[in-house]
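For the sequence shown, the working numbering begins at 140 and goes up steadily by one. Even for Gly, the Cβ is constructed at its ideal location relative to N, Cα and C. Okay, so here's the structure we're looking at.
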Amino acid sequence: MARKKSIVLFGEGKADAVFLNYLRSLYADQIQARVLIDAGQGGGPKQVATRLIKKHLDLGAYARSLLLIDEDLPTDEIPNAWLRKHKITLVTSGPRCLEGILLTLLDDPPPKKDRHLSNAWKKRFCRNHLGTDRDTEILDRFKKKCPELFPQELIEAQKKEIPSLREIVDFLIT
């Protein structure tokens with residue numbers, strides 16, 4: 140029996156990892172690889188990419204990887220040579236950030252005055268859909284509420300409309 144290839148999905152922060160883990164659970168029966176999900180500790184796109192490479196890819200144990208970065212900061216500081224050398228698929232969370240994807244899925248966009256402020260998107264998602272904006276509660280509530288807020292039928296219906304979501308799902312199942 141052939142060994143499964145291993146892939147890495149690496150998010151910018153812990154909330155990204157929670158959502159990536161949730162997507163992995165939804166599509167587990169279609170995934171043909173071993174999947175490691177991890178996250179950076181914030182910072183700019185280059186710092187997050189560096190952390191992915193040093194922590195997981197320099198060892199060469201993974202066939203390919205996906206790097207999920209908020210689109211509120213430019214990703215052009217990540218050298219294309221890094222992406223090619225380490226077989227990194229760069230996906231930007233949009234609109235603006237992970238919470239932009241989540242709010243779009245929930246058809247709950249922030250007011251126009253806040254559309255360029257990632258923090259406003261994050262606050263809106265946490266308050267309106269998790270019932271808290273306390274840092275100590277957010278991740279736990281997010282993990283628990285993902286199945287309720289984002290059933291697979293919703294993900295399937297909306298991935299056509301949200302390019303970053305489609306890219307993540309396609310990466311997982313191909």
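Short Cβ contact (7 Å threshold) for residue i with residue j
i, j, result
"T189", "I208", "no"
"L175", "L159", "no"
"T204", "R235", "Here residue 204 turns out to be Ser, not Thr, going by the sequence shown. Against a cut-off of 7 Å, the Cβ pair of R235 and S204 comes out as no contact."
"D155", "A178", "yes"
"S303", "I240", "yes"
"E210", "G233", "yes"
"V157", "K282", "yes"
"L311", "Y161", "no"
"A259", "P249", "yes"
"H225", "L206", "no"
"L269", "R280", "yes"
"I277", "C265", "yes"
"D246", "K262", "no"
Residue i - DSSP class collapsed to helix/strand/coil
i, result
"D197", "coil"
"I192", "helix"
"I170", "coil"
"K185", "helix"
"D177", "strand"
"I208", "strand"
Sequence-distant residues of its chain with Cβ nearer than 8 Å to residue i (five each side left out)
i, result
"W221", "A188, I192, I227"
"G183", "L212, E216"
"T243", "P234, Q297, E300, I301"
"E287", "none"
Min CB distance residue i to chain D below 7 Å
i, result
"Q180", "The structure shown contains no chain D; it is built from a single protein chain."
Paired residues, beta bridge with residue i - DSSP
i, result
"S145", "R173"
"G152", "Paired residues: none, contrary to the question."
"R305", "Note: R305 sits in no beta bridge, so no partner."
"R163", "Answer by DSSP bridge pairing: none, since R163 is not bridged."
Own chain residues within Cβ distance below 6 Å of residue i, not counting five before or after
i, result
"K144", "A172, A202"
"R305", "K298"
"G152", "A178, G181"
Contacting residues, own chain, Cβ-Cβ under 7 Å from residue i (five flanking each side not counted)
i, result
"A200", "S145"
Taking only runs that begin and end inside the stretch 212–279, name each unbroken alpha helix (DSSP H) of 4 or more residues, in chain order. If we require 4 residues or more, the alpha helix (DSSP H) runs fully inside the stretch 212–279 come out as 219–224, 237–244, 257–264.
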